[in-house]
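Enquirer: Which chain is which? The protein sequence lines are A and B, in order.
The number in our numbering is simply the position in the first sequence, starting from 1, with 13 added.
The number in our numbering is simply the position in the second sequence, starting from 1, with 1402 added.
Here a beta-carbon is modelled for each residue, glycine too, at the ideal position from N, C-alpha and C.
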Amino acid sequence: MLLEVEDLHVHYGKVEALKGVSLAVAEGEIVSLIGANGAGKTTVLRTISGLRRVTSGRIRFKDRDITHLPGHRRVGAGLCQVPEGRGIFPGMSVMENLEMGAYGRSSRSLADDFERAFALFPLLSERRKQQGGTLSGGEQQMLAIARALMARPQLVMMDEPSMGLAPLMVNQIFDIIAAIHEQGTTVLLVEQNAAQALTRADRAYVLETGKVAKTSDAATLLADDSVRAAYLGVDSTG
Amino acid sequence: MKGPQTGIVLIGVLLLCALAAMGASATTAFLLERVAYRPLRRRTTSRLAALISAIGASFFIQEVFALRYGRDILPFPRIMNKTVLFHIGSGEVRTDKVLVVLAAIVMMILLDRFVGTSRLGRGIRATAQDPEMAVLMGVNIDRVIVLTFILGGLMAGVAALLFGTFFEVTQYNIGFLLGIKAFTAAVLGGIGNLRGALIGGFALGLIESYGASIFGAQWKDVIAFVVLVLVLLVRPTGLLGEQLARSRI
Ligand SMILES: Nc1ncnc2c1ncn2[C@@H]1O[C@H](COP(=O)(O)OP(=O)(O)OP(=O)(O)O)[C@@H](O)[C@H]1O
Ligand SMILES: [Mg+2]
């Protein structure tokens, strides 16, 4: 397994947000994590990235225990996140945002990486000098994904990449995620858009109030009545 | 040191003084970060807590110097001859004024380039705009923050030497009002914007000087604080502060 999360407990003050979450992602997979608002999806990703401390439990990445590794060193280990809300640096240009993505990398030449980013996102190429804060939501999402790839991660975790985007742009973003996966990057995808998330993934986890309620291959979950009722807005009796 | 120096010796003396001042000031900044800021950062994200801690640390240092050197104004040795080079109207252009202006311009250009183009500079800006996102980019923000303090200390050391050379007095609390005015200049220009702070500093200096000649010199500080209050009321993002205002949301 590339990433293994074992019995993760995380608190905000006295409130237990994660009550023993276990999940795993194998190299080459797309795994989706779905769940209602407040289920704890973002908390899972933030904890894996080292932004939140664990109360108990373990996180292993490439067979190495990273539970207590400082967040900034997890990037160098090959673990990247495109966070909820995209996290574009508003006062930096598109180029500078991309350069930030490669901050932790030792190799100096980024020419190949820029080329790859602009091949995936031709739109960004036209806006190299534009300030991140003035990009549209869709453009920001593209920049956030391109920036994460600058670190050449083995695993990219994305937190609701389709949030707030028009349907056409949503499809485009999911196509890009598929393309990134084709090129060899493993993906852990958090989504409210369960239909897309389950169609595109190999496997999926359903998170309910801080616990994994269900896990299975994505096709099975897509056909599961209770999942269809809760997350796809399909009446199970109909 | 025996009196003012000239030529190559003067340059050597100035550089030596600058190095000593930068060293002392950077060391102080480093210790301050460890003692007065880092422990707070571990516990809270409140910017207000940091500000209060900064003011407290400032009073502490002032009182230590008051105990050691007393509360009176002390003379600062003359380092350079203050030769009048030429006049502009009734204004004297003296060697020490030229030195201050040139040194300030060189420092601003160097700092602007450093923050704008170096890797650490990008780390500093990223940490200022969004610290959690900086971590997700692989930035060691604890290290960036302490290096930023040291950088600030180095700049403050040079500024102190220039101030001493120009005014030739010092006092246990001489930096306090300067610090508040630097803050006013930064607010005026837009917190988090280096070029804004430069413009804000110039603007504040001009407003103070012209205001003093209209209302009298005793109103100088009042004018500076009226400016601070007005900026906070009318345009809290400052003259060039748009970018950071967005990132705060
Ligand atoms: N900073 C915080 N302080 C206190 N409680 C928090 C904080 N962040 C999240 N929580 C709580 O933890 C729980 C899980 O939140 P989380 O953001 O992980 O959910 P989510 O599944 O990502 O939701 P959404 O789909 O709305 O993004 C929620 O009950 C939330 O209120
Ligand atoms: Mg969330």
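Quick check on the DSSP output: the beta strand (DSSP E) that includes I1490(B) runs from which residue to which?
Expert: Start and end: V1486 to I1490.
Enquirer: Within 8 Å: the Cβ of T212(A) and any heavy atom of ligand 2?
Expert: Because no heavy atom of ligand 2 lies under 8 Å away, the Cβ of T212(A) does not count as near it: no.
Enquirer: Which residue comes first and which comes last in the beta strand (DSSP E) that contains K32(A)?
Expert: Its beta strand (DSSP E) spans residues V28 to V38.
Enquirer: Of the residues that make up the stretch 47 to 70 of chain A, which ones have a beta carbon closer than 8 Å to any beta carbon in chain B?
Expert: Listed by position along the chain: S62, G63 and L64.
Enquirer: Considering just the uninterrupted stretch of the alpha helix (DSSP H) at Y244(A), what are its terminal residues?
Expert: That run of the alpha helix (DSSP H) goes D238 to Y244.
Enquirer: Could you check the C-alpha separation between A1687(B) and R87(A) for me, to the nearest Å?
Expert: Past the boundaries of the shown model lies residue 1687(B); chain B is included only from 1403 to 1651, so the question cannot be answered.
Enquirer: Just checking: is the beta-carbon of F102(A) within a distance shorter than 9 Å of some beta-carbon in chain B?
Expert: With 9 Å as the cut-off, F102(A) counts as an interface residue toward chain B.
Enquirer: Can you pull the DSSP bridge partners for E1494(B)?
Expert: Looking at the DSSP assignment, E1494(B) forms a beta bridge with H1489(B).
Enquirer: Mind checking if Q2(A) is an interface residue toward chain B, Cβ cutoff 9 Å exclusive?
Expert: In this structure chain A extends from 14 to 251, so residue 2(A) is not present and cannot be described.
Enquirer: Any heavy atom of ligand 1 closer than 8 Å to the CB of A243(A)?
Expert: Because no heavy atom of ligand 1 lies under 8 Å away, the Cβ of A243(A) does not count as near it: no.
Enquirer: Going by the beta-carbon positions, is the gap between G104(A) and G146(A) smaller than 9 Å?
Expert: Yes, they are a contact pair.
Enquirer: For L1642(B), which residues in the same chain have their Cβ closer than 8 Å to its Cβ, ignoring the five residues on either side in sequence?
Expert: Hits under 8 Å: G1591, G1592, N1595, R1597, G1598 and I1601.
Enquirer: Short of 8 Å in beta carbon distance, which residues of its chain neighbour A1459(B), apart from the five on each side in sequence? Order them along the chain.
Expert: These residues qualify, in order along the chain: L1434, V1437 and A1438.
Enquirer: What span of residues does the beta strand (DSSP E) with M171(A) cover, start to end?
Expert: From DSSP, the beta strand (DSSP E) with M171(A) extends over L168 to D172.
Enquirer: Does L89(A) come out as helix, strand or coil in the three-state DSSP assignment?
Expert: Before going on, a small fix: residue 89(A) reads as Gly here, not Leu. Residue state, collapsed to three classes: helix.
Enquirer: Tell me which residue opens and which closes the alpha helix (DSSP H) that A1426(B) is part of.
Expert: Run containing A1426(B): G1409 to L1434, per the alpha helix (DSSP H) assignment.
Enquirer: For G1523(B), which residues from the same chain have a beta carbon less than 6 Å from its beta carbon, with the 5 sequence-adjacent residues on both sides left out?
Expert: Correct list, in chain order: F1516 and V1517.
Enquirer: For D237(A), which residues in the same chain have their Cβ closer than 8 Å to its Cβ, ignoring the five residues on either side in sequence?
Expert: K227 and S229.
Enquirer: How far does the alpha helix (DSSP H) with I101(A) in it reach, from first residue to last?
Expert: Unbroken run through I101(A): none, as it is neither H nor E.
Enquirer: On the premise that G117(A) lies in contact with A255(A), defined as a C-beta separation below 8 Å, what is that separation, rounded to the nearest angstrom?
Expert: With chain A covering only 14 through 251, there is no way to say anything about residue 255(A).
Enquirer: Excluding the 5 residues preceding and the 5 following M171(A) in the sequence, name in chain order all residues of the same chain whose CB lies nearer than 6 Å to its CB.
Expert: The residues are V95 and L202.
Enquirer: Kindly give me the distance between the Cβ atoms of A208(A) and L245(A), rounded to whole angstroms, as I take these residues to be in contact under 8 Å.
Expert: Rounded, the Cβ-Cβ distance is 6 Å, consistent with contact.
Enquirer: Hey, how far is the Cα of S45(A) from the Cα of A210(A)?
Expert: Approximately 6 Å, taken between the alpha carbons.
Enquirer: Is V23(A) a contact residue of ligand 2, with contact defined as CB to any heavy atom under 8 Å?
Expert: False, no ligand heavy atom lies under 8 Å from that Cβ.
Enquirer: Grab me the residues of A157(A)'s own chain with a C-beta within less than 7 Å of its C-beta, minus the 5 sequence neighbours each way, in chain order.
Expert: Contacts found: V95, R99, G100 and I101.
Enquirer: What first and last residue would you give for the beta strand (DSSP E) that runs through R1443(B)?
Expert: R1443(B) -> not in any beta strand (DSSP E); alpha helix (DSSP H) instead, spanning R1440 to R1445.
Enquirer: Show which residues of chain A have a CB atom less than 7 Å away from the CB atom of L1590(B).
Expert: Those do not exist, as L1590(B) stays about 18 Å from chain A at its closest Cβ, beyond 7 Å.
Enquirer: Kindly examine ligand 1 and report whether one of its heavy atoms sits closer than 8 Å to the Cβ of D1532(B).
Expert: D1532(B): no, Cβ never under 8 Å from ligand 1.
Enquirer: Give a yes or no on whether the C-beta atoms belonging to T1430(B) and G1581(B) are separated by under 9 Å.
Expert: Going by C-beta atoms, T1430(B) is not nearer than 9 Å to G1581(B).
Enquirer: Touching or not, the stretch 44 to 59 of chain A and the stretch 72 to 80 of chain A, by the rule of three or more beta carbon pairs under 8 Å?
Expert: No, they do not touch.
Enquirer: Could you please give the first and the last residue of the uninterrupted beta strand (DSSP E) stretch that includes V1478(B)?
Expert: Here the sequence assigns Phe to residue 1478(B), which means Val is not the residue at that position. Element bounds for F1478(B): n/a, residue is neither H nor E.
Enquirer: In chain order, what residues of the same chain have a beta carbon less than 7 Å from the beta carbon of A1626(B), not counting five sequence neighbours either side?
Expert: Cβ within range, chain order: K1583, T1586, L1606 and E1610.
Enquirer: Residues near ligand 2, CB to any non-hydrogen atom under 7 Å, in chain order?
Expert: So the residues near ligand 2 by this Cβ test are K54(A), T55(A), E97(A), D172(A), E173(A) and V203(A).
Enquirer: What are the residues that DSSP puts in a beta bridge with L201(A)?
Expert: DSSP, once it has assigned bridges, lists V44(A) and M170(A) as partnering L201(A).
Enquirer: How long is the line joining the alpha carbons of L168(A) and L92(A), rounded to whole angstroms?
Expert: The straight-line gap from Cα to Cα measures roughly 5 Å.
Enquirer: Is the distance from the Cβ of H85(A) to the Cβ of A1536(B) below 9 Å?
Expert: Their beta carbons are under 9 Å apart, which means H85(A) touches A1536(B) by this criterion.
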